[in-house]
Structure formats: structure tokens, C-alpha cells
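Per my numbering: the sequence shown = residues 9 to 194. Encoded as C-alpha cells, the structure appears first; notes follow it.
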Amino acid sequence: MHNLAHFYHDHSDYEGAEYWFRRAAAAGHTRSMNNLAVLLDQFGELAEAEIWYRRAAAGGNANAMYNLATMLYQSGDIAEAETWYHHAALAGHVDAMYNLARLLEDDNRLDDAEAWYDEAAAAGDIDSINNLGLLLRRRGAITAARRCFRRAADLGHPKAMANLAALLESEGAHREAESWYRRAAG
């Protein structure tokens, strides 16, 4: 049922996709619950989408946890969004780790934010590497910040290139800073 729903979705038959996602979801398939919720979310049926996200999240689906957290965050329920980002992050969802870190940083819980940026960075998330560098620079850990910016810059992250350039410029390394600014500019 789940595969048939994907077939219909891939061929832009959203009515057919919804029908089969519903059948699979009713049978307890959490990926179908999440996919049904995504489909409903895209069509503006937010109340029902939330119900299916919650069912899939309660069933252990990390993508549903993340999607529910994002929906809650966008609706202004920051506290519950944090809870679901945390559950998804613990389940290994890298985007949830990143968003949780940003949420924690916005709330000035810097130690926790740093820990989650570090987790996501260890999983290879380039934005997290750059943001970890920004947080470390903010906290005065300039050497560690430079390492983060250089790592993300070496992986092709333009903002990290600019952040590295600015840091190098502030330290008087003008030639290297210019080189990184040029790379950031494309």
C-alpha cells in the first residue's frame, strides 16, 4: 500500500496517493502516516496533518517527530516544538539536531546548543559546523571557531568562508582573508 501510494504520488495523482497512504496508515504503517501528514500539510489541511504527524511520532517515526516539531514551531508552540525536536534528535535525525541547537541558542542555553551543533556537525551537517563556529566565536573560543569555519569552508560552505575570512582579517591575516572572501564571493 505504501509503495502504491508513492507510485501515485510520483505520478502526480495525489488523490490516489492520499487514498493508499490512508489505507497503509490505518494499518499502522508509520512512514505512511508521516507521508499522509506531509501531503495533507501541503494542501493546507493542517489540523488533520497534525493528527497524523502525532500518530506517526508516537509510533517512533523520527521524520514525523521532526515534521511535527517544525509545524509546532511555525505555529508558535516553541516549548512543544523543542520537545519533539529533542525526541527526533535523540533518534538520530540530523536536521532536528540542527533546529534544536538553533532553538536552544535563541533561548540563550548555549551549552546545550553547542552540544547539539556538535552532534549534528559530527554527523556531517555543514550548516551545523558553521553555526558551531559562530557560537564558539561568540563565546570567545576563537581557535575552535576558526577550526569550525575552516572545516565548513573546506567543504564548500560560502558563509563559513566569509566567517573565516572575517576572523582572519580581524587577526591581521589580510592575504588569507582576501583569498577566503574571494572564494565566498564565487
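Cβ atoms here follow ideal geometry from the backbone N, Cα and C, with glycine treated the same way.
Item, Value
"Cutoff 8 Å; reference Asn-138; Cβ partners in own chain excluding five residues on either side", "Cys-156, Phe-157, Ala-160, His-165, Lys-167, Ala-168 and Asn-171"
"Residue range of the alpha helix (DSSP H) that includes Arg-147", "Unbroken run through Arg-147: none, as it is neither H nor E."
"N- and C-terminal bounds of the alpha helix (DSSP H) containing Phe-29", "22-34"
"Complete alpha helix (DSSP H) runs within the stretch 96-183 (minimum length 4 residues, chain order)", "102-114, 118-130, 134-146, 150-162 and 166-178"
"Straight-line Cα distance separating Ile-134 from Ala-192", "15 Å"
"With 16 other Cβ atoms within 10 Å as the buried cut-off, status of Glu-186", "exposed"
"Backbone secondary structure at Asp-18 - three-state DSSP", "helix"
"Contact with chain C by Ala-99, beta-carbon distance below 8 Å", "No chain C is present in this structure, which holds just one protein chain."
"Near the ligand NAD: Ala-123 beta-carbon under 7 Å from a heavy atom", "As far as ligands go, the structure on display features none, and thus does not contain the ligand NAD."
"Cβ-Cβ separation, Ala-96 to Ala-5 (assumed contact under 8 Å), whole Å", "This structure gives no information on residue 5, because the portion of the chain shown stretches from 9 to 194."
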